[in-house]
Amino acid sequence: MASVEFRQVSKTYARHAGRRLARQFLADWFRRPGDEEFYALREVSFALGRGEGLGVVGGNGAGKSTLLSLVAGLSWPDAGEVSVAGRVVPLLELGSGFHPDLTGSENLRLTAALLGFSRRRTRELSDQIVEFSGIGDFIDEPLRTYSSGMVMRLAFSTSIHADPEILLIDEVLAVGDQNFQAKCIEKIFEVKRAGATLVCVSHDLRMLERLCDQALWLDAGRVMQQGPAGEVLGAYRASAQAAAGGHSPFSAPS
Amino acid sequence: MLRRSWDYSYLLVNLVARDFKIRYRNMSLGVFWSLLNPLVMMGVLTFIFTRIFPGAATRDFHVFVLAGLVPYNFFSLAWASATRSVLENPALVKRVCLPREIIPVSTVLAQGLHLLIQMALLLALALLAGYGVNGYWLWLPLIFGLELVFVCGLSLASSALDVYFRDMRYVVESLNMMLFWLVPIFYSFAVIPPAYHTIYQLNPIAAVTLACRNVLLEAKAPPESLMSKLTLVSLGALAAGFWIFGRLKRRFADYV
């Protein structure tokens, strides 16, 4: 059985054109077919088996984050079917649930609870999490004294230790330094080898090539191409290079 | 996503603790603020109704007033802060999977900790004024538990509506202002004309105040007619709250 499967999934919004929120809501609620709609995703289908990785690429506003939030169960599709089998751990905007006035370890406990850890599991894992993050004694300082890199380290360490069966990654590695990035990618590999499924959004095509077996190229909510990662990412890179007049804004193949 | 319910209880404890810690960590007076507010209001109301309009005051008016202020304070603060809770926690709505109902409920429970502190104050002042401990005190957890249930119900509805109709919080503020006068805080049930008795009993906050005074000041059990109405309205509000929240939560992530 597939661990993540999309069947003809569409996510739409009514066009709002600056309408008041309340009217916007009513428009969404009482939408009739034929009203002007905006497709965040249009008829997307794919199936991922356990332990497989899917890389999602596309320009800004292509629907990549919408796709992740559908997998995470944070929003619902308007058409089609999303089925997800397993514990989802989203690594989205790491550290956004943290509170600046709480200490590192208080934030760690809160995040762990949000990820579904029990009290015992949190206690068992917290030393390991702190050690992986490399934060050391700062763990008892309030979070507002942390640098953005340190916040990211703590958030990543907590989430990755949550025994993910399905791991969602959204450009999260951009903040950490080189060493920590390498350590994170190594850890993600380890989790994947242990059988976790990955859905990964990134502009770092080299990283996607390493982590993912399949790829999905989105443009304005539509699937441009999907299939084996090497093929799709190659085509995407070529088109991005063509669009940029030969100067790729993305990392060049080595 | 199957998680067993005890996992959520740990999450709930953590969210309540977070609310409580954030509120007090950087204040030098800390939890004493929770005592100060009802004490000041009690002082002012006692002054007005024993010195300015002395006619209405009953014996031990300060305890009488506090028995109304404590349930009212809890209700108004919990309802107002829980109404804003979903919008004020975008990270919990957009970045993590959890039953979203837990957001307003944990906010209400965090206010419940203040209620406990204020209850201790109320009981202490009642004892100091010479009202002894009596067996009917056992009613108090039930009475305030029902208030908690009522606030949770209202908050579930209002916090979900606040996402789409941001005016909700001002509606709640105005209603709270009105309620200060409509709950018998500084007047007794005896002065209310009988025509309005049923309406007062159907208002859970008024009902909690009346029941609380029955127990503390009159050393008797709250009448059955009062408790049955309180139970009915509170459970009804909770059911309605869950229903409304459930209907509205699907689009939260798109609007927060």
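As they're listed, the protein sequences go chains A and B. Following my numbering, the residues of the first sequence are numbered contiguously, the last one being 611. Following my numbering, the residues of the second sequence are numbered contiguously, the last one being 475. C-beta: ideal position from N, C-alpha, C; glycine also.
Inset, instruction - Flag this pair as yes or no: are the beta carbons of residue 429 of chain A and residue 468 of chain A separated by less than 8 Å? - result: no
* chain A contact residues for residue 383 of chain B, given Cβ-Cβ distances below 7 Å -> 378, 379, 382
*Compare the Cα-Cα distances from residue 363 of chain A to each of A/438, A/523, A/498, A/488 and report the closest residue.*
Ranking the options by Cα distance to residue 363 of chain A, first place goes to A/438.
Should residue 424 of chain B and residue 294 of chain B be called a contact, given that it needs their Cβ atoms to be closer than 8 Å? yes
Return the CA-CA distance between residue 222 of chain B and residue 440 of chain B, expressed in angstroms with no decimal places.
-> Here residue 222 of chain B scores only 48 on pLDDT, less than 50, and its place in the model should not be relied on; the value that follows carries that caveat. One C-alpha to the other measures close to 41 Å.
Whose C-beta lies closer than 8 Å to the C-beta of residue 429 of chain B among residues of the same chain, with five residues either side of it excluded?
Hits under 8 Å: 403, 408, 419, 420, 441, 445.
Is it the case that the stretch 570–585 of chain A contacts the stretch 403–420 of chain A, given that we only count it when at least three CB pairs across the two stretches are under 8 Å? Enough Cβ pairs lie closer than 8 Å, so yes.
| said: Quick check on residue 588 of chain A - is its C-beta less than 8 Å from some C-beta in chain B? | reply: No - not a single Cβ of chain B is within 8 Å of the one on residue 588 of chain A.
Would you kindly check if the distance between the Cβ of residue 554 of chain A and the Cβ of residue 522 of chain A is under 8 Å? With respect to the 8 Å criterion, residue 522 of chain A and residue 554 of chain A are classified as neighbours on the basis of their beta carbons.
Task: Residue span of the alpha helix (DSSP H) that contains residue 298 of chain B, given as start and end - done: Looking at the DSSP string, the run of the alpha helix (DSSP H) that includes residue 298 of chain B is 280–307.
Determine, for residue 500 of chain A, whether the minimum Cβ-Cβ distance to residues of chain B falls below 8 Å.
no
Q) For residue 381 of chain B, which residues of its own chain have a beta-carbon under 8 Å away from its beta-carbon, when the five flanking residues on both sides are left out? A) 302, 303, 305, 306, 387, 388
Cβ pair count under 8 Å reaching 3, the stretch 266–273 of chain B against the stretch 321–340 of chain B
With the cut-off at 8 Å, the stretch 266–273 of chain B and the stretch 321–340 of chain B do not touch.
**Prompt:** Rounded to a whole number of angstroms, what is the C-alpha to C-alpha distance between residue 481 of chain A and residue 520 of chain A?
**Reply:** 13 Å
Handout entry: the stretch 295–318 of chain B: positions lying closer than 9 Å to chain A by Cβ
Key = For the stretch 295–318 of chain B, the set of residues with a beta-carbon nearer than 9 Å to any beta-carbon of chain A comprises 308, 309, 310, 311, 312, 313, 314, 315, 316, 317, in chain order.
Within the 8 Å Cβ cut-off, does residue 574 of chain A reach chain B? no
Between residue 516 of chain A and residue 472 of chain B, which are expected to be in contact by the criterion C-beta below 8 Å, what is the C-beta distance as a whole number of angstroms?
In fact, because the Cβ distance is near 19 Å, the residues do not count as touching under 8 Å.
key: residue 454 of chain B beta carbon less than 8 Å from that of residue 368 of chain B   = yes
Open item on the list: Quick check on DSSP: helix, strand or coil for residue 277 of chain B?
Closed with: Of the three classes helix, strand and coil, the one that applies to residue 277 of chain B here is coil, per DSSP.
* 9 Å Cβ cut-off: residues of chain B touching residue 454 of chain A -> 308, 310, 311, 314, 315
Since residue 360 of chain A contacts residue 407 of chain A with CB under 8 Å, what's their CB separation in whole angstroms?
-> 5 Å
**Asked** Would residue 220 of chain B count as contacting chain A if we go by Cβ distances under 8 Å?
**Response** Note that residue 220 of chain B has pLDDT 41, beneath the 50 cutoff, so the model's placement of it is unreliable and no number is given.
Just to confirm, is the Cβ distance from residue 286 of chain B to residue 451 of chain B under 8 Å? No, they are not a contact pair.
Discussion item. Which residues of the stretch 406–435 of chain B have a Cβ closer than 9 Å to any Cβ of chain A? Give them in chain order.
Written reply: none
TODO: Flag residue 473 of chain B as yes if its beta-carbon sits less than 8 Å from any beta-carbon of chain A, otherwise no.
DONE: Closer than 8 Å: yes.
Do residue 468 of chain B and residue 319 of chain B have their C-beta atoms within less than 8 Å of each other? yes
Is residue 557 of chain A helix, strand or coil when you go by DSSP? strand
### Query
Got a sec: which bits of the stretch 238–259 of chain B sit with their beta carbon under 8 Å from any beta carbon on chain A, in order along the chain?
240, 241, 244, 245
ask   = Considering only residues of the same chain and omitting the five flanking positions on each side of residue 489 of chain A, which have a CB-CB separation below 7 Å?
value = 514
Subject >> Alpha carbon of residue 564 of chain A to alpha carbon of residue 597 of chain A, nearest angstrom >> reply: 17 Å
* Could you check what DSSP says for residue 609 of chain A in three-state terms: helix, strand or coil? => Note on residue 609 of chain A: pLDDT 48, under 50, position unreliable in the model; the coordinate value appears next. Residue 609 of chain A falls in the coil class under three-state DSSP.
Cβ shell of residue 378 of chain B (< 6 Å), same chain only, five flanking positions each side left out: 301, 302, 304, 305, 323
My assumption, with CB atoms under 8 Å, is that residue 556 of chain A sits in contact with residue 411 of chain A. Please give the rounded CB distance. That pair is a contact at about 5 Å.
- Between residue 414 of chain A and residue 593 of chain A, which are expected to be in contact by the criterion C-beta below 8 Å, what is the C-beta distance as a whole number of angstroms? 5 Å
Distance between beta carbons of residue 257 of chain B and residue 330 of chain B, contact taken as under 8 Å:
Rounded, the Cβ-Cβ distance is 13 Å, inconsistent with contact.
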